[in-house]
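The letter at position 51 of the sequence shown is residue 58 when you use my numbering, and the numbering goes up by one with no holes.
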Amino acid sequence: MAIEETIYSVLSAAAGVTALVPVSRIKPPGDWQYMTRPYIIYRPITFNPTHIHNSVTVNLINHYPNLQINIVADSYSSARAVADAVTAAIRGTANGLQSGWQFFLRNELPLEWDGDRKIMEIAQDYEVFGA
């Protein structure tokens with residue numbers, strides 16, 4: 008399963024996430040600026056295929072050093088609740104192992120309150136490995 012499909016599958020199946028954000032507002036990059044908040048945008052930022060070999064075989068490990076999940080909401084408390092639900096969903100089972108992908112939360116950054124658009128955003132950066 009592709010990384011984007013895995014993220015969508017994990018987040019859309021997590022009751023803690025969908026109680027706060029309808030499945031229709033969990034999206035890859037696109038035209039989301041006028042979507043009703045809260046919503047979640049996910050995207051791989053960088054991809055680094057890594058080949059590991061020994062004397063017999065060569066294996067490819069898919070490595071995403073930076074995969075970002077952005078939570079956009081009307082308030083910090085709403086964004087914080089969704090961010091916590093997203094983290095819990097991804098950590099879910101086996102300490103972040105989801106559908107053959109291993110997720111590591113590297114950074115979480117609450118961005119500045121956007122007074123013009125009246126939104127709060129929290130960016131989560133993950134490092135992801137998968138075969």
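All C-beta atoms in this analysis are idealised placements derived from N, C-alpha and C, irrespective of residue type, glycine included.
Contact between residue 77 and residue 48 holds: CB atoms are separated by about 5 Å, below the 8 Å threshold. With contacts defined by Cβ atoms closer than 9 Å, residue 30 and residue 96 do not form a contacting pair.
The C-alpha of residue 37 is placed about 22 Å away from the C-alpha of residue 20. Shown here for residue 82: same chain residues with a beta carbon closer than 7 Å to its own, the five before and five after excluded, namely 127 in chain order. Within the stretch 22 to 75, the complete beta strand (DSSP E) segments of 3 residues or longer fall at 46 to 53 and 57 to 60, listed in chain order.
The Cβ-Cβ distance between residue 44 and residue 16 does not fall below 9 Å.
With respect to the 9 Å criterion, residue 134 and residue 69 are not classified as neighbours on the basis of their beta carbons. In the assembly as shown, residue 35 is an exposed residue. Its beta-carbon has fewer than 16 other beta-carbons within 10 Å. Under the three-state reduction of DSSP, residue 134 is assigned to strand. Judged by DSSP secondary structure, residue 112 falls within the beta strand (DSSP E) whose first and last residues are 108 to 117. Burial state of residue 71 is buried, judged by a 10 Å Cβ sphere holding 16 or more other Cβ atoms.
28 is the residue among 108, 28, 13 and 53 whose C-alpha sits nearest the C-alpha of residue 88.
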